[in-house]
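Top to bottom, those sequences are chains W and P. Using our numbering, read the first sequence as starting at 224 and increasing by one per residue. Using our numbering, read the second sequence as starting at 6 and increasing by one per residue. For each residue, glycine too, the CB sits at the ideal point set by N, CA and C.
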Amino acid sequence: METTREVKEPEARRGLLRRKRLTPWLFVTPCLIVILLVTIFPTFYSLGLSLFKWEVTLKDKPFIGLGNYIALFKDDRFLHSILITGIVVVVGVSVELILGFSLAQMLIEKMKGKRVIVALLLLPVMVMPVVVGYTWRLLWDAQYGPINQIIGWIIGRPFQYTWLAKPWSAMLAILVTEIWQWTPFMFLVILSGLAVLDPEVFEAAEIDGASGWSKLRYLTIPLLRPILIVAVLIRGLDALKFFDIIFTLSGGGPGNSTETLSFYIYQVGYQFFRLAYGAAGSFVLLIFLIVLLTYLLKLFRSALEM
Amino acid sequence: MKRLVTLLLVVAVLASLVAACAAPTPEVIEKEVIVEKEVPVTVEVEKEVIVEKKVVETVEVEKIVKVEVPMGSSADRAVEAAKKYAGITLNYVREAGLQAQDPLHMGPIFEELTGIKINVVEMSYLDMYSNQLQDHLTGGGAYDALDVSPLWMIDFVSVGVLEPLDDYIDKYMNKADLEDYLPVYSSEGVMKIGGVTYGLFDDGDVFVLYYRKDLFEDPDNQAGFKAKYGYDLVPPETRQQMYDAAEFFTDKYAPDLHGLAIQRLEGQAYSWFIGPFSAYGGQFLDPDTMKAQINSDIGVRTLTEMVQQNTVMPPGVEKWGFMEILSAWMEGKVAMIITWPPIGRWGSGYGDTAKQLAWVPASNVKGKVGYMLQPGGRPCLAGGFNMGVSADSKYKEAAYLFIQWMTSPTISLQRVMLPFSLRDPYRLSHFESPLYNTAWPEAPEYLDKLQEAMTGQWELGVPGAREYMEAIDNACTSAYAGTDPKAALDKAAARWDAITERLGVESQKAAYQQWLKNPWNRPGPTVEYP
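#1: Can you tell me whether residue 545/W is buried or exposed? The criterion is at least 16 other CB atoms within 10 Å of its CB, across all chains shown.
#2: Using a cut-off of 8 Å between C-beta atoms, extract the partners of residue 79/P located in chain W.
#3: What in chain P is Cβ-close to residue 487/W, meaning under 9 Å?
#4: Report all residues from its chain with a CB closer than 6 Å to the CB of residue 103/P; omit the five preceding and five following residues, and keep chain order.
#5: Taking buried to mean at least 16 other C-beta atoms within 10 Å of its own C-beta, is residue 532/W buried or exposed?
#6: In angstroms, rounded to a whole number, what distance separates the CA positions of residue 372/W and residue 378/W?
#7: Taking only beta-carbon positions, decide if residue 389/W is within less than 8 Å of chain P.
#8: Is DSSP giving residue 458/P helix, strand or coil here?
#9: Look up residue 344/P in the DSSP assignment and give the residues it is bridged to.
#10: Considering only the alpha carbon of each residue, which of 525/W, 268/W, 263/W and 399/W lies closest to residue 319/W?
#11: Since residue 488/P contacts residue 478/W with CB under 8 Å, what's their CB separation in whole angstroms?
#12: Can you grab the Cα-Cα spacing for the pair residue 309/P / residue 483/P, in whole Å?
#13: Is residue 223/P helix, strand or coil by DSSP?
#14: With a threshold of 8 Å between beta carbons, is residue 479/W in contact with chain P?
#15: For residue 152/P, is the classification buried or exposed, using 16 other Cβ atoms within 10 angstroms of its Cβ as the cut-off for buried?
#16: Using a Cβ-Cβ cut-off of less than 9 Å, list which residues of the stretch 271 to 287 of chain W approach chain P; keep chain order.
#17: Taking 8 Å as the threshold, find out whether the stretch 323 to 340 of chain W comes into contact with the stretch 383 to 392 of chain W through three or more Cβ pairs.
#18: Would you mind sorting residue 510/W into buried or exposed? The rule is 16 or more other CB atoms within 10 Å of its CB.
#19: List the residues of chain P whose Cβ lies closer than 7 Å to the Cβ of residue 476/W, in chain order.
#20: Say whether chain W places a C-beta atom closer than 8 Å to the C-beta of residue 402/P.
#21: Could you check where the alpha helix (DSSP H) with residue 142/P kicks off and where it finishes?
#22: The alpha helix (DSSP H) that contains residue 507/P, what's its start and end?
#23: Can the beta-carbon of residue 466/W be found less than 8 Å from the beta-carbon of residue 489/W?
#24: Name the chain P residues that come within less than 7 Å of residue 385/W, Cβ to Cβ?
#25: Which bits of chain W does residue 1/P rub up against, with CB to CB less than 8 Å?
#26: Name, in chain order, the residues that DSSP records as bridge partners for residue 266/P.
#27: Is there a C-beta anywhere in chain W that falls below 8 Å from the one on residue 135/P?
#28: Quick one: list the residues of chain W neighbouring residue 469/P, beta-carbon separation under 7 Å, in chain order.
#29: Is it right to say residue 454/P is buried, meaning 16 or more other beta carbons lie within 10 angstroms of its own, or is it exposed?
#30: Can you tell which of 327/P, 260/P and 368/P has its C-alpha closest to the C-alpha of residue 316/P?
#31: Excluding the 5 residues preceding and the 5 following residue 218/P in the sequence, name in chain order all residues of the same chain whose CB lies nearer than 6 Å to its CB.
#32: Rounded to whole angstroms, what's the CA-CA distance from residue 480/W to residue 292/W? Just pull it up for me.
#33: Just mark residue 445/W as buried or exposed, buried being the case when its beta carbon has 16 or more other beta carbons within 10 Å.
#34: Three or more beta-carbon pairs under 8 Å between the stretch 157 to 174 of chain P and the stretch 346 to 353 of chain P, yes or no?
#35: Kindly indicate which residue of 279/W, 256/W and 459/W has the alpha-carbon position closest to the one of residue 495/W.
#36: Cα-Cα, which of 172/P, 211/P, 148/P and 86/P is closest to residue 457/P?
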């Protein structure tokens, strides 16, 4: 009898252990299925599609291997879109970083009304990019836009420049709009980072006679480095996929002068229905995203080690 | 247990892969619309008119005009035949916004007559192309009745989106109604592709020049213009006359008024290139070599003129779309515009009490609007729509009967006369209708000018047409931004050649030569048609 009870007890414990191991899987499986359906399967399907010549009006859809990828890198419009995307990422994110950092530095100290100011500063990031694009389109309007109105007041005569009609000014308008919307994100991340820095380090530096610039250069920035890298990573990945504001503000124009990679892929895939070519473009974009992510993660790891 | 879980996961993955290969359940966007039910349009006229065709259509006029639809009319036949489908819902694709108001208004009437509910699925103009195509490619069957621009017809037909309609026409339509179309709108490449009917034409989009009669007839203006340019100020017939008049008005009245405004916004800028290019004798493609000809001297001349015209237009016109043109015109800030027919009606005050047009600025140019052919001789037939039937619809016959009813002479007349409708006259009976001709004082002149669509030029209708047009669009907007027109068109021509190469030179050649058989697709200042 004793032997049976002894045998039953380990079995019961094993059953309990099995249930404990199974339960997490039961919770995770639906999510895994959704990810497979929405992300993994379409990704592999697109990869396969990108190896074919797929034109909606052609009956034959032959396998062409890397033909679409080769054609992409011979396509001036595609190469130009990479350049425009690069400008948005490098210039846009850099300016956002500098402005966000400056704002965070200004607002890190205790001050009256700080909460209200911070809340107001965060408003742009809460607005949908499409709404931002259409609103700024009105602001940039040649005849009725307030930007031209204010410039006119400053220079003392009517000013009716069509910002979105010239390549260089359309690009400027796009960058200003994008920076306006996403600087608050940088500001918020950096402010959070500054808030958790140990104040004793700065007090010690002050006692040692460090100037404001020295503290910034030798203490603040190095200590904030992991936070800065994360902020740049998130914004950089987002900027690489920049679409909404281009679509609403400039439509990629004038001509194709402000087309980003995402916008060009959208045109090719959804307007011209060249699905395989568009899929190849998407994978090139994915590769850029992976390269950026890998590089920044490496920097992040080395920053943490420091 | 581990193996069991792994097995379950593998089965789940396989099941999801299989499910992913199956046709996705289309998302049908249903929109609940509260529609005020109205009786069919009745208008007071003073004289009695009897209109007889092969099928007698009698108009009884007393104090109130009653349009009787006797048995035998396409509308009546459609209603009778459709009753057997009572209880079903048909999903009909329509451009969002004002374009959707007409089927939203007519749908409940059709439902009352037949028991078939019409669900209007609204989407943007660009999305109409991709969504209707995508639905077919994924075997969705989300739509029953479609709206198809002639620009997209060849693509849709080659992919199999559209159901052939000839059998239905033979069975249900009063054949006289096919003769009632303005010939340009029933020509090959518009309703028919390769001799097979795939659509019933439903929107007579044609560019018209609207001008301010008061400004042109003003004695001061006439004297000043004559002194400066050496000839009389008259509603322009040539592009040079148009430019001179625009320059004169801009110099005299700016910034309160400018001489000319034309839509320059990217997306449809190409439409204003097509008409003049063709009128000057420009050929899109060499029919033998299939090399692009848009960068010929004619193309460069056309685009150079368009860039020059911007200098006499309001500032910021490079980003002006339909709404900006409408607003400026209705406020009386422009002396001439070239645009679609609806603005011509609204400018005259037609429909200013319709609640659907509450957003349209009140017209400050009522009674001052004159109408001319687009200077240069060939107006672009920019846009237009066919109503078609989805090849994937579960209710193809019902969908056909709906579109036959909507495009029938009697019902379509009511529709093109709706004040808020964006559908423009396209049947002979529309242009001859006493109701329409008395809708506002200048209506007869307006309808006369719309009939000059008979000299129009269609947009290129070969496979890949959207890509070809986009290349011209990019060239236009680049030129407005300062790029040399020749360089801009050279770039566009290179893209055209790449598109032709990619789609197959021989197949594109066959399609283009077929397209050229339509008299309205041949270059030149006039159209010779049978």
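According to the structure data:
#1: Nothing can be reported for residue 545/W: it is not among the residues displayed for chain W, which extend from 224 to 529.
#2: The sequence position of residue 79/P within the second sequence is 74, counting from 1. Under the 8 Å cutoff, chain W gives no residues; its nearest Cβ is about 32 Å from residue 79/P.
#3: On the first sequence, residue 487/W is found 264 positions in, with the first residue counted as 1. Ordered by position in chain P, no residue passes the 9 Å Cβ test against residue 487/W, which lies about 12 Å from the chain.
#4: The residue you call residue 103/P lines up with position 98 of the second sequence. Taken in chain order, the residues that qualify are 427.
#5: No answer is possible for residue 532/W: it lies beyond the span of chain W, which begins at 224 and ends at 529.
#6: Mapped onto the first sequence, residue 372/W falls at position 149. Mapped onto the first sequence, residue 378/W falls at position 155. Cα to Cα, residue 372/W sits roughly 10 Å from residue 378/W.
#7: As a working note, residue 389/W is residue 166 in the first sequence. Taking 8 Å as the CB threshold, residue 389/W lines the interface with chain P.
#8: Locating residue 458/P in the second sequence gives position 453, where the first residue counts as 1. Three-state result, residue 458/P: helix.
#9: On the second sequence, position 339 is the one that residue 344/P refers to. Within the DSSP secondary-structure output, residue 344/P pairs in a beta bridge with 213/P.
#10: For this step, residue 319/W is matched to residue 96 along the first sequence. When each option's Cα is compared against that of residue 319/W, the closest is 399/W.
#11: Translated into positions along the second sequence, residue 488/P becomes position 483. Translated into positions along the first sequence, residue 478/W becomes position 255. Right, the Cβ-Cβ distance comes to about 7 Å (below 8 Å), so this counts as a contact.
#12: For the purposes of this step, residue 309/P is taken as residue 304 along the second sequence, with counting starting at 1. For the purposes of this step, residue 483/P is taken as residue 478 along the second sequence, with counting starting at 1. For residue 309/P and residue 483/P, the distance between alpha carbons rounds to 12 Å.
#13: Here residue 223/P refers to the residue found at position 218 when the second sequence is read from its first residue. It is coil, neither helix nor strand.
#14: The residue labelled residue 479/W in the question sits at position 256 within the first sequence. At least one chain P Cβ lies under 8 Å of residue 479/W.
#15: Start at 1 with the first residue of the second sequence, and residue 152/P comes out as number 147. Residue 152/P is buried by the Cβ-count criterion.
#16: 276, 278, 279, 280, 281 and 282
#17: No contact exists between the stretch 323 to 340 of chain W and the stretch 383 to 392 of chain W.
#18: Here residue 510/W is taken as the residue at index 287 of the first sequence, counted from 1. By the 10 Å Cβ count, residue 510/W comes out exposed.
#19: As a working mapping, residue 476/W is identified with position 253 in the first sequence. Within chain P, the residues near residue 476/W are 271 and 482.
#20: If you number the second sequence from 1, residue 402/P lands on position 397. In terms of beta-carbon proximity, residue 402/P stays away from the interface with chain W, with every pair separated by 8 Å or more.
#21: Locating residue 142/P in the second sequence gives position 137, where the first residue counts as 1. Counting along the chain, the alpha helix (DSSP H) containing residue 142/P begins and ends at 130 to 142.
#22: On the second sequence, position 502 is the one that residue 507/P refers to. Looking at the DSSP string, the run of the alpha helix (DSSP H) that includes residue 507/P is 490 to 508.
#23: Residue 466/W sits at position 243 when you count from the first residue of the first sequence. Residue 489/W sits at position 266 when you count from the first residue of the first sequence. Yes, the pair counts as a contact, with Cβ atoms nearer than the cut-off.
#24: Indexing the first sequence from 1 puts residue 385/W at position 162. Simply 320, 321, 323 and 324.
#25: The question about residue 1/P has no answer here: the residues shown for chain P are numbered 6 through 535.
#26: The sequence position of residue 266/P within the second sequence is 261, counting from 1. Its beta-bridge partners are 342/P.
#27: If you number the second sequence from 1, residue 135/P lands on position 130. So, interface residue.
#28: As a working mapping, residue 469/P is identified with position 464 in the second sequence. In chain order: 280.
#29: The count along the second sequence starts at 1 and reaches residue 454/P at position 449. Buried.
#30: Numbered from its first residue, the second sequence carries residue 316/P at position 311. Shortest Cα-Cα distance from residue 316/P to any of 327/P, 260/P and 368/P involves 260/P.
#31: Position 213 of the second sequence, counted from the first residue, corresponds to residue 218/P. Here the set comprises 373 and 375.
#32: The residue you call residue 480/W lines up with position 257 of the first sequence. The residue you call residue 292/W lines up with position 69 of the first sequence. For residue 480/W and residue 292/W, the distance between alpha carbons rounds to 22 Å.
#33: Along the first sequence, read from residue 1 onward, the residue named residue 445/W stands at position 222. Exposed, since its Cβ has fewer than 16 Cβ neighbours within 10 Å.
#34: no
#35: Indexing the first sequence from 1 puts residue 495/W at position 272. Per the Cα distances, 279/W.
#36: As a working note, residue 457/P is residue 452 in the second sequence. Closest by alpha carbon: 211/P.
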